[in-house]
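S.K.: Protein sequence lines, in the order shown, are assigned to chains A and B.
Position 8 (the first sequence) corresponds to 8 in this note's numbering; numbering is contiguous.
With the second sequence counted from 1, adding 128 to any position gets you this note's numbering.
All C-beta atoms in this analysis are idealised placements derived from N, C-alpha and C, irrespective of residue type, glycine included.
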Amino acid sequence: MTANGEPEEIQWVDDHAGPVVRPYAVTRGRARPVTGTFDLISLVSATRGEATPEAGLGPEHLAIVALCQRIQSVAEVAAHLDLPVGTIRVLLGDLVARELVQVREPRATAGVPDDSVFEAVINGLRAL
Amino acid sequence: MDYGHSERPAGAAPLPTAIKILVAGGFGVGKTTMVGAVSETRPLRTEEVLTETGVGIDDLSGVEGKATTTVAMDFGRITISDDLVLYLFGTPGQDRFWFVWDELALGAIGAVVLADTRRLADCFPSIDYFEGRGTPFVVAVNCFEGAKQFRLDEVQAALNLDPGVPVLLCDARRRESSKEVLITLMEHAMKAREARRRAATD
Chain A
1 MTANGEPEEI
11 QWVDDHAGPV
21 VRPYAVTRGR
31 ARPVTGTFDL
41 ISLVSATRGE
51 ATPEAGLGPE
61 HLAIVALCQR
71 IQSVAEVAAH
81 LDLPVGTIRV
91 LLGDLVAREL
101 VQVREPRATA
111 GVPDDSVFEA
121 VINGLRAL
Chain B
129 MDYGHSERPA
139 GAAPLPTAIK
149 ILVAGGFGVG
159 KTTMVGAVSE
169 TRPLRTEEVL
179 TETGVGIDDL
189 SGVEGKATTT
199 VAMDFGRITI
209 SDDLVLYLFG
219 TPGQDRFWFV
229 WDELALGAIG
239 AVVLADTRRL
249 ADCFPSIDYF
259 EGRGTPFVVA
269 VNCFEGAKQF
279 RLDEVQAALN
289 LDPGVPVLLC
299 DARRRESSKE
309 VLITLMEHAM
319 KAREARRRAA
329 TD
């Protein structure tokens, strides 16, 4: 359906194929992770030095493990791999299920942070 | 959910916690500029791909016929300490992406609403949003060259803000100025929290 009433063309690949099809191909059609919710600022850290290629792991999975040798947020992983956040969440779910990465959910979603957090942020900003 | 408490290898330091602040305001008001001014790296960009029906799509059947939209968010990072990392997210400018805002605003400790006095109305939706959610916020008037200078109380009156909401002038390109805005926000958020706590115990 098009808004301006033009006849709808059946096209397998259109202008949107780039941003849509590739992310779904990377996750093999899955839109939801097998485990976890993954906030944008959940922090991800690899549990081992590198992941060896194995069935079910694609190059993107291995790239995430390599990237997360340094702690990264979900948003940073998505930005560095140049993939949408939804795609990254699915890949991270696979990696958590295989215990290749560990994830720390942000404290703020579990409750309001305490005064020490506010004070630490204020002091940290002043020191920048 | 046990994934949040995965065991680390023996001797490894615990993962830090992350908190976030939002930077909102109209299109072209300087959100990404402010994020970049205080971030330890250049701003990164992350994208959500949405189908026209928005959320709740579980499979790809029929995806070839759906219009898709990419919502981009620019963000930056400030490492406060070994166990605390602050992320700053610029909110997508268009009102039709409110549901992305909901995800961003969840757990945010506060927000900066950037305003441009030449287009003051552009920041109304952001102010309404944070007032409605009860998210602590400050209004920072980005001083563009050539813009008429208003007094802060004039801006406060024009925006019909609660008198407790801080309004300040800033230059989003400058690190010191943007830092000052964030510090003002944190102090305001702390006060708002204290006031809520007192109201709850009275």
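1. I believe residue 318(B) touches residue 115(A) by the beta-carbon criterion, under 8 Å. Please report the beta-carbon distance rounded to the nearest angstrom.
2. Return helix, strand or coil for residue 164(B), following the three-state DSSP convention.
3. If contact means a Cβ-Cβ distance below 8 Å, which residues of the segment 299–319 of chain B contact chain A?
4. Confirm the yes/no value for this check: CB of residue 77(A), any heavy atom of the ligand SAH, distance under 6 Å.
5. CA-CA distance, residue 73(A) and residue 325(B)?
6. Of all Cβ atoms in chain C, is any one closer than 7 Å to the Cβ of residue 215(B)?
7. Which residues, taken in chain order from the segment 136–166 of chain B, show a beta carbon closer than 9 Å to some beta carbon of chain A?
8. Does DSSP classify residue 263(B) as helix, strand or coil?
9. Under a Cβ-count criterion, where at least 16 other Cβ atoms within 10 Å of its own Cβ denotes burial, should residue 187(B) be classed as buried or exposed?
10. Just checking my contact of residue 163(B) with residue 204(B) at CB under 8 Å: how many whole Å lie between their CB atoms?
11. Check the Cβ-Cβ distances between residue 118(A) and every residue of chain B, and say whether any is below 7 Å.
12. According to DSSP, which residues form a beta bridge with residue 298(B)?
13. Can you find the residues in the same chain that come closer than 6 Å, C-beta to C-beta, to residue 294(B), ignoring five residues on each side of it along the sequence?
M.R.: Taking the coordinates as given:
1. 7 Å
2. helix
3. 303, 307, 310, 311, 314, 315, 317 and 318
4. With respect to small molecules bound, the structure shown includes none, and the ligand SAH cannot be examined in it.
5. 31 Å
6. This model lacks chain C altogether, as its protein chains are A and B.
7. 136, 137, 140, 142, 143, 144, 145, 146, 147, 148, 149 and 166
8. coil
9. Confidence at residue 187(B) is low in this model, with a pLDDT of 46, below 50, so its placement is unreliable and no value can be given for it.
10. 4 Å
11. yes
12. 270(B)
13. 266, 312 and 316
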